[in-house]
Structures are given as structure tokens and as C-alpha cells.
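Engineer: Have a look at the structure that comes next, please.
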Amino acid sequence: MGPTDCLYTNPADCSTYIQCTVNPGNQSGTPLVRPCPAGLKWNDNIKRCDWPANATCRKQAYKSLYYQVQGLLVTVTYNKVSGFIK
Numbered sequence: 001m002g003p004t005d006c007l008y009t010n011p012a013d014c015s016t017y018i019q020c021t022v023n024p025g026n027q028s029g030t031p032l033v034r035p036c037p038a039g040l041k042w043n044d045n046i047k048r049c050d051w052p053a054n055a056t057c058r059k060q061a062y063k064s065l066y067y068q069v070q071g072l073l074v075t076v077t078y079n080k081v082s083g084f085i086k
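Following full-length UniProt numbering, the numbering of the sequence shown begins with 1 at its first residue and continues without gaps.
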């Protein structure tokens, strides 16, 4: 496992991404929303912020995302967001 194992698209905002951290005791995880530098969007193919033309971010409507992070299940839920962002 390396630094890109817990990085995910934020379906609510393509100028941010989700980084998961493991809570004490390794029984649960906490998703943290991190910002991209100004003018950049998340590119999930390379797991980092990139120029908007290269971004792979999708916004999703009323969807729960389930991420398996180092054997832990982390759930992140976003509401009322739609469209495809480039």
C-alpha cells in the first residue's frame, strides 16, 4: 500500500478529492476532503490534481460511495449533485 491507495474522486466537487485516514484501533476510517490547488481538478487516473482538460472527475446524484481502505469500509454520501465535469 502506498500514498495513492486512499485517494478518491469527490463526486460533489471536482476541485477537491477524498483522502481516507485510519482511525485509532484500525476499526474504522475517516474520509477527509482535500482541495486541489487553484485552477486544477482531480485526475483519478494519476491520483493527483491536474489541468482541467485532463480531469477524470464525475459528479454523481444521490449516491453513496463505498471504499475499501486497507480492509476497512468507509462510506461517503453526497446529495443532489449531477452532471459530468471535465
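We put the CB at the ideal spot given by N, CA and C, even for glycine.
Which of the three DSSP states is assigned to N43 in this structure?
Structural biologist: Translated into the one-based positions of the sequence shown, residue 43 becomes position 43. DSSP places N43 in strand when its eight states are reduced to three.
Engineer: By Cβ distance, which residues of its chain are closer than 8 angstroms to T9, with the 5 residues on each side in sequence left out?
Structural biologist: Taking the first residue of the sequence shown as position 1, residue 9 is located at position 9. Within the same chain, T9 has close Cβ partners Y17, I18, W42, D44, T56, C57, R58.
Engineer: Secondary structure at P11, three-state DSSP: helix, strand or coil?
Structural biologist: In the sequence shown, the residue the question calls residue 11 occupies position 11. It is coil, neither helix nor strand.
Engineer: Assign P37 to one of three DSSP states: helix, strand, or coil.
Structural biologist: Start at 1 with the first residue of the sequence shown, and residue 37 comes out as number 37. P37 falls in the coil class under three-state DSSP.
Engineer: Among the candidates P11, D13, A12, R34, whose CA atom is the shortest distance from the CA of C20?
Structural biologist: For this step, residue 20 is matched to residue 20 along the sequence shown. Considering only alpha carbons, the answer is R34.
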